[in-house]
Amino acid sequence: MIYDVIIIGSGPAGYTAALYTSRAFLKTVVLAGFEPGGQLTTTTEVDNFPGFPEGVLGPKLVTDMKSQVERFGAEIKQEAVTAVEKEDVFTVKTAGTTYQAKTVIVATGASAMYLGLPSEEKLRGKGVSGCATCDGFFFKGKVVVVVGGGDTAMEEATFLTKFSPKVTVIHRRDEFRASAIMLDRARKDPRISFLTNKIIEEILGETEVTGVRIRDTKTNEVIDYPTQGVFLAIGHKPSTGFLNGLVDLDPKGYVKVQRTMSPLDPQTATNVPGLFAAGDCVDPRYRQAIVAAGQGCMAAMDAEKYLESHGS
Amino acid sequence: MADVTDQTFEAEVMKSTVPVLVDFWAVWCTPCQIQGPIVEDVATTLGDKVKVVKLNVDENPVYAQKFGIMSIPTMMIFKNGAVAKQFIGVTSKDVLVGELTKLM
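Printed below as a string of structure tokens:
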């Protein structure tokens, strides 16, 4: 069978795209990947998605998006894509199955980055974590650090105070990328303190984390700072490795979309005709659920238009 | 898939005559919701040559602490009452089936 649209990814971009394509009666399959729901599934309260006056839990928001898509008949498969090829049609491969479609929408988002230290790798799951909502529970009564300066770092720090009596945010600059409201909330919390202009050189401990070795970027002073947990929130990298060779990526791995100034051009088109991209995998700048959802809608409409003009 | 608890762990896992895959999980852990169906699938694929169980770390702190679980999902394979292999984070069916098959 040849689908009209294969959507790779299941965050707000992927599900919004699927909502539009399936509502337009296009035969749609969503390949949801190894982290179905994407980054929203590891957040807690989402206060900046319009339509929820009391806020909404991230996992709930994305589960509701999924239900909405299912109402219009899109298929959703819990499979991760390993390769995409194009001849007359697109062939999309997962571990066990091969799918074919006339168009593809890439909405694979981004995944959390690690520092890349051997000591971090050794102690992952033994005090080093990339997900406070998953692992905070294991740090009841323990002191922890959060590494990073964005919204994720502030959210994780605030969340961790439910378990930890003392949370230290360690950031490599003295300016924060976090939004004012998130930063303010963390700064007002007496259980959260801040260390700025500090780089993590090593995570200390043999069988479990005992501390971090940090260097001051101004004075070069190195100190060992005791902690039992290290939560990393240092940013994300786009999940686009499987596209290499087919689709143009920028040096950081983001999919290049046309984004021309002409409103008549498909803004989500890539260098491959019929392949569109949306959400955090194209967006190093905004990285918001609402932006991803908007781009998912654009990609769906671009794909629909493409199918009309190429005979569907 | 059967649940094990702090009360049944010794008998069900440590004294098992076949390799046991234990999925340490909790309700509030979203990646665990992804791991759950994968582990069920492993159980279906391998049948009674292995035992596949899950342990809720929230309700059963003793064994979660004993094995130093600090991140979930964690999966451990036990053979003859000892930990033979450990996986941290969402782990694919292929990897789990591969490791279990080696230990059968």
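Respectively, the protein sequence lines represent chains A and B.
Using my numbering, count along the first sequence one by one with no gaps and you end on 312.
Using my numbering, count along the second sequence one by one with no gaps and you end on 1104.
A virtual CB, placed ideally from N, CA and C, is assigned to each residue, including glycine.
Being a predicted model, the structure only gives us computed values, none of them experimental.
Contact under 8 Å by Cβ, residue i with residue j
| i | j | result |
| --- | --- | --- |
| G148(A) | L232(A) | yes |
| F966(B) | M1075(B) | This structure leaves residue 966(B) out entirely; chain B is present only between 1001 and 1104. |
| T21(A) | E155(A) | no |
| G38(A) | G55(A) | no |
| Q258(A) | V144(A) | no |
| V29(A) | K66(A) | no |
| V1018(B) | K1054(B) | no |
| T270(A) | V255(A) | yes |
| K237(A) | S129(A) | no |
| L1046(B) | L1103(B) | no |
| V1039(B) | M1001(B) | yes |
| E85(A) | T91(A) | yes |
| I170(A) | I234(A) | no |
| A293(A) | V46(A) | no |
| T240(A) | L246(A) | no |
| V1042(B) | V1097(B) | yes |
| F163(A) | F137(A) | yes |
| D189(A) | T161(A) | yes |
| S1016(B) | K1051(B) | yes |
| D151(A) | M182(A) | yes |
| D317(A) | T196(A) | The shown model of chain A, from 1 to 312, leaves out residue 317(A), and the question about it has no answer. |
| I192(A) | A157(A) | yes |
| C131(A) | T268(A) | no |
| R177(A) | K198(A) | no |
| P226(A) | T210(A) | yes |
| I1034(B) | E308(A) | no |
Sheet register partners of residue i (DSSP bridge)
| i | result |
| --- | --- |
| G229(A) | V144(A) |
| M1136(B) | Outside the displayed span of chain B (1001 to 1104) sits residue 1136(B), for which this structure offers no information. |
| T118(A) | According to the sequence as given, residue 118(A) is Pro; it is not Thr. In the DSSP output, where bridge partners are listed per residue, P118(A) has none listed. |
| A83(A) | K93(A) |
| H236(A) | A112(A) |
| R215(A) | I199(A) and V222(A) |
| R191(A) | Beta-bridge pairing links R191(A) to no other residue. |
| Q100(A) | I2(A) and T91(A) |
| K77(A) | L31(A) |
| R23(A) | In DSSP, R23(A) forms no bridge with anything. |
Straight-line Cα distance separating residue j from residue i
| i | j | result |
| --- | --- | --- |
| V222(A) | P59(A) | 40 Å |
| D88(A) | P1031(B) | 37 Å |
| L204(A) | C134(A) | 22 Å |
| I7(A) | I1072(B) | 29 Å |
| F49(A) | L61(A) | 9 Å |
| V1062(B) | A17(A) | 45 Å |
| E70(A) | N1080(B) | 45 Å |
| A74(A) | A83(A) | 21 Å |
| A186(A) | A180(A) | 10 Å |
| F139(A) | A1064(B) | 13 Å |
| G296(A) | A303(A) | 11 Å |
| K218(A) | I200(A) | 14 Å |
| W1028(B) | D265(A) | 44 Å |
| Q1086(B) | G9(A) | 28 Å |
| Y15(A) | A80(A) | 16 Å |
| G1089(B) | G127(A) | 13 Å |
| K142(A) | A1082(B) | 28 Å |
| M298(A) | L26(A) | 15 Å |
| V212(A) | V146(A) | 11 Å |
| E1059(B) | M1070(B) | 15 Å |
| T1008(B) | A1084(B) | 20 Å |
| T1044(B) | V1095(B) | 15 Å |
| G1036(B) | G125(A) | 19 Å |
| L40(A) | D1003(B) | 28 Å |
| A1026(B) | L243(A) | 34 Å |
| Q68(A) | A300(A) | 16 Å |
| Y306(A) | V272(A) | 12 Å |
| G252(A) | N220(A) | It is worth fixing the name first, because residue 252(A) is Lys in this sequence and not Gly. Looking at the two C-alpha atoms, the distance is approximately 29 Å. |
| F72(A) | D64(A) | 13 Å |
Residue i Cβ short of 7 Å to the ligand GDP heavy atom set
| i | result |
| --- | --- |
| A95(A) | With respect to the ligand GDP, the structure offers nothing, as it holds no ligand at all. |
field: Length-filtered (4 minimum) alpha helix (DSSP H) runs lying within the stretch 139 to 180 of chain A
entry: 151 to 160
message: Could you check whether the stretch 85 to 99 of chain A touches the stretch 2 to 16 of chain A, counting it as contact only if at least three pairs of C-beta atoms, one from each stretch, sit closer than 8 Å?
response: yes
query: Is the stretch 116 to 136 of chain A close to the stretch 14 to 30 of chain A, with three or more CB pairs under 8 Å?
result: no
task: Say whether the stretch 279 to 291 of chain A touches the stretch 1004 to 1022 of chain B, bearing in mind that this needs 3 or more beta-carbon pairs closer than 8 Å, one atom from each stretch.
output: no
message: Threshold first: 3 residues or longer. Then list the beta strand (DSSP E) segments lying entirely within the stretch 27 to 62 of chain A, N to C.
response: 28 to 31
message: For the pair the stretch 104 to 113 of chain A and the stretch 266 to 281 of chain A, tell me if three or more CB-CB distances fall below 8 Å.
response: yes
- request: Output the residue ranges of the alpha helix (DSSP H) runs that lie fully inside the stretch 1034 to 1079 of chain B and measure 4 residues or longer, sorted by chain position.
  value: 1061 to 1066
task: Could you tell me which uninterrupted beta strand (DSSP E) segments, each at least 3 residues in length, are contained entirely in the stretch 263 to 296 of chain A, listed from first to last along the chain?
output: 275 to 277
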